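> Protein chains in written order, with this note's numbering: chain A, 1 to 579; chain B, 1001 to 1579.
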């Protein structure tokens, strides 16, 4: 059932985003060569701080250990009010702590291993990527991707071409992400392998307007802005149009995706009263990010981050450019031709090649990336000393004026290069699915034991049950007619002709979230054959011809019609079988 | 476009197999703990033979190297007819070669590295699984799964429960498989990461009949039996019912899946004239397998294995039982109660525990798995020597008659345990997709330059194009009406209002396999608004109201109606715009 629910949620995601917005879709590999993840910064920085039990070697995520240890102290009656205030303050700042901050807290409060009570190591960085090797030689290092986004960035040039070299455009990817969590927990919430849906929307950094923004401008979202969080104010309802106009949300494109995110989450069954968009605080956000809003959903585990909507500026593309010296830029036609002054390093490659062999290429790359200020310095050095010492990492390359000059000239340009900004909505589908299941959970009034799920028909694994009122053989040909009708409309269904009481069978189908039920009774034998259709949530029933059932259910399952439309059209059927 | 095609193929697979057959679906992780793959035999045996260039270390798959080297010799005019015959014979037997056979061939014909001409190493086994570690300690070994099947086997007990403990039932999984191929090649045909769809159908080994077999019995397949292959006869058309009756195909369940496989492949666009089912030869098949038929599709790379349909007997479940001592069996109610004689080893666990500590559990496991013959030997040893030396791997455990007895008694049983047989259809979706694209390729008669794809509407990424006859603004509101109509039926579509000549735009949409095109012309302005609908394959057009387009296209895209039905219902529209 879970697989079918997930498949339906993914299919709707594809329709809602990729098809409706005309996005490009890619399907990259999970195995990712190391250079890609070095460029993106993941090899160096995609890590959690971990502490170890000094005797047993048990590992704990440092921030989780501190949080749990503090919560234990706060719950302890012996803890003084002063200490509680102090600990509350640590908790509030924990998100921004580095290893030294955490070590200081662990030392100060003498936190130990929660399992053995043993002393703990200092926090060490633990990279969350799963390493492996590709190919038979063993010397081609790779990782399982921690996110799908990098596959889009490294394909940027081809994607831009597919879009006739025009900005803005968006590319999307649905696939597995892998993170070697130190302590996986909470069911589908923190797992080591999970399905992500990511969009990278590339846009001119000087114009982040969105052509379809006016369509969603009046859409109301619950926003929990950084200001509200700092001032201790609650989240507030905003029209997304007003939020962008008043600068609460950075720009139209980001706002557009937040509104579309809200629509998607509601479509698949998230309760809007348990959904908010929380802005990242300044210290939470990466230094390059412009703005970031997480869609958080309230579950029994608290508010869970399920979707990130971030404006990452030009960070990602620039990282890959730095690593490969392949420009990842778009061109914008200037309103008028323009004369510009060019200053650039002009290395003499054949001399450089003889002198520095394999390093020549690297020297050329670094020279081509020098800023105007650095070039002025190079020019001065070459003029005064006939030599410029170029430093790359820990190496120094002495470049003489035979090898290098600084050229200045002016040229007429008709286009300008722009480094696109990236707006990145990133969905953790497993987390959304978990929230949908919690929000769908119901108990029948007056009977707590009768639990059921109200899943939106759009994502329900099975759209309809088929229940003959008894297991009398006369129903068999009618069951077959109903099955054929449902199959014609690709409606997933489940026949239960077990002979159990009909009320018990209804309860069973309600439990697994089947939104509609077809009942075949003795009246069904008369021609034209009719059946009753039951709406699980309200337990109301209507009666209609078998030949009408497929179209109606197809419409109900895709939202083209609502149950109230069906009730208005077909006669009500009264039965006390649900009692 | 490829992502959408693949998503549609997977969605159809889910409908055709999982929904229509009422299968259980699971979604297991790609990361698989080592013990699972040790039990399945993959850690020990999932390897290819590899030879290395002795100087450069370049690696080659031994069988590929031999095949390519022989083909080069065969193409060489200087090769004598005798040698050619000899080499042809080697090629024919190559599939069954082990490392020694291959080494003999490489030595005899002095095959060298195809890149450098250097000598080659002897063949060494190279395991095709990608290794990694799970968790922070680094001592929990894991692999990326080489197939999805193992996830189903290790969940067998729960799946059986979900099926009310009844046989037969089938479980399916769609997901990534990973194989560290020595030399990936041929586009989507041999890749290191690929999407698989696998079914494990569990069935009573003494009754492999299938309740729905009669529905497919008259279905005609092209079968290339082992006999035909050995005798040099061509493949032959068979009704699958006859093939099972005459023992060509081992049993009904296997035959049923072959017929359903055939139906699926045709639905997604495989040309039936380029599809055959080839039976594995005795030396190709694993020793435990009962029968195996690969669906092979003819492409420009030759006949490519795209689907395996294998009867694997009880091998897989038994392997996991051996490794874990958890019985993976089903129960069958006996026609009548039965008295049986039981002989079993009765270890005295508290003595064993004191004597052998951690090994006691392992000893118990091995004792419980002894055969009646082995138990007779144990009984004899205990009676004569008061001691039985139990060997496990390289260890010997001396068990005294204080620790162990052999018990005999009789009991009445009402059910019997059965070890289910497994019928396994396994689809490589990337390979099928590649074949579909090749088979969909067409050129317009009389104009080789005008290439197009005839994809079945069911799987076509975009169902319909929307083309105003010119970029006149009067068409804009009508385009919007058409878009709304198409969106209501979830029909993927692409608007091209670029103002290029209509014929050129048709050609463009034909190239990417859009099966239908809506054209908006000046007649469309009159109310009720009408448009023309063009069938890309035949280039014929009909005219209909916009309000009818959604339903019709939805029916055409799911196969509820054919183009000929639409032609019969709506007036033909004549235009020479395709010229």
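The C-beta atom is built at its ideal place from N, Cα and C for all residues, glycine as well.
Note that the structure is a prediction, hence the values are computed from the model and not measured.
Please report the straight-line C-alpha distance between residue 1228 of chain B and residue 128 of chain A, rounded to a whole angstrom.
54 Å
> Can you find a C-beta in chain A that's less than 8 Å from the C-beta of residue 1148 of chain B?
no
> Give every residue of the same chain whose Cβ lies closer than 7 Å to the Cβ of residue 1439 of chain B, excluding the five residues on either side of it in the sequence, and list them in chain order.
1269, 1270, 1271, 1274
> Report yes or no: is there a C-beta of chain B within less than 8 Å of the C-beta of residue 57 of chain A?
Yes, residue 57 of chain A counts as interfacial toward chain B.
> Going along chain B, which residues have a C-beta under 8 Å from residue 50 of chain A?
1136
> Short of 6 Å in beta carbon distance, which residues of its chain neighbour residue 205 of chain A, apart from the five on each side in sequence? Order them along the chain.
421
> Can you tell me whether residue 1490 of chain B is helix, strand or coil according to DSSP?
The answer is coil: DSSP assigns residue 1490 of chain B none of H, G, I, E or B.
> Where do the ends of the beta strand (DSSP E) carrying residue 409 of chain A lie?
404-418
> Kindly indicate which three-state DSSP category residue 520 of chain A falls into: helix, strand or coil?
strand
> Kindly indicate which residue of A/410, A/514, A/526 has the alpha-carbon position closest to the one of residue 533 of chain A.
A/514
> Out of curiosity, what's the CA-to-CA distance linking residue 1177 of chain B and residue 435 of chain A?
29 Å
> Tell me the start and end of each unbroken beta strand (DSSP E) in the region 193-247 of chain A that is at least 3 residues and wholly inside, in chain order.
193-203, 220-224, 236-239
> Keeping to the same chain, check which residues put their C-beta closer than 8 Å to that of residue 1012 of chain B; ignore five residues upstream and five downstream.
1264, 1267, 1268, 1458, 1459
> Could you pull the DSSP bridge partners for residue 50 of chain A from this structure?
Residue pairing from DSSP places residue 50 of chain A in a beta bridge opposite A/61, A/124.
> Quick check on DSSP: helix, strand or coil for residue 261 of chain A?
It is helical.
> Taking contact to mean at least 3 C-beta pairs separated by less than 8 Å, is the region 1227-1247 of chain B in contact with the region 1389-1400 of chain B?
no
> Just grab the DSSP bridge partners of residue 535 of chain A for me.
A/516
> Can you name the start and end residues of the beta strand (DSSP E) that residue 137 of chain A belongs to?
Note, residue 137 of chain A: premise wrong, no beta strand (DSSP E); not H, not E.
> Counting contacts by CB-CB distance shorter than 8 Å, is residue 215 of chain A in contact with chain B?
no
> What residue from B/1053, B/1172, B/1068 has the CA that sits closest to residue 1121 of chain B's CA?
B/1053
> Between residue 1046 of chain B and chain A, is any beta-carbon pair separated by less than 8 Å?
no
> Do we get a CB-CB distance below 8 Å when we pair residue 1003 of chain B with the residues of chain A?
yes
> Just reading off the beta strand (DSSP E) that residue 1176 of chain B is part of, what are its end residues?
1169-1178
> Using DSSP's beta-bridge definition, name the partner residues of residue 428 of chain A.
In DSSP, residue 428 of chain A forms a bridge with A/196.
> Short check: CB of residue 1307 of chain B to CB of residue 1289 of chain B, under 8 Å?
no
> Whose C-beta lies closer than 6 Å to the C-beta of residue 1623 of chain B among residues of the same chain, with five residues either side of it excluded?
There is no way to answer for residue 1623 of chain B, as the model of chain B reaches only from 1001 to 1579.
> Does the Cβ of residue 1414 of chain B have 16 or more other Cβ atoms within 10 Å, making it buried, or fewer, making it exposed?
exposed
> Would you give the residue range spanned by the alpha helix (DSSP H) that residue 1540 of chain B belongs to?
That residue, residue 1540 of chain B, is in no alpha helix (DSSP H); its beta strand (DSSP E) goes 1540-1545.
> Between which two residues does the beta strand (DSSP E) harbouring residue 1336 of chain B extend?
1330-1347
> Given a cut-off of 8 Å, decide if residue 1218 of chain B and residue 1239 of chain B are closer than it, judged by their beta-carbon atoms.
yes
> Mind listing the chain B neighbours of residue 198 of chain A? Cutoff is C-beta to C-beta under 7 Å, in chain order.
Within chain B, no residue comes near residue 198 of chain A; the closest Cβ sits about 13 Å away, beyond 7 Å.
> Please list the residues of the region 1183-1195 of chain B that have a C-beta atom closer than 8 Å to any C-beta atom in chain A, keeping them in chain order.
Shown in chain order are the members of the region 1183-1195 of chain B whose Cβ falls below 8 Å from a Cβ of chain A: 1192, 1193.
> Flag residue 237 of chain A as yes if its beta-carbon sits less than 8 Å from any beta-carbon of chain B, otherwise no.
no
> Between the Cα of residue 1043 of chain B and those of B/1146, B/1006, B/1486, B/1118, spot the shortest distance and give me the residue it belongs to.
B/1146
> Skipping 5 residues on each side, what residues in its chain have a beta carbon closer than 8 Å to that of residue 1165 of chain B?
1330, 1331
> For residue 1451 of chain B, report the span of its beta strand (DSSP E) as first-last.
1447-1453
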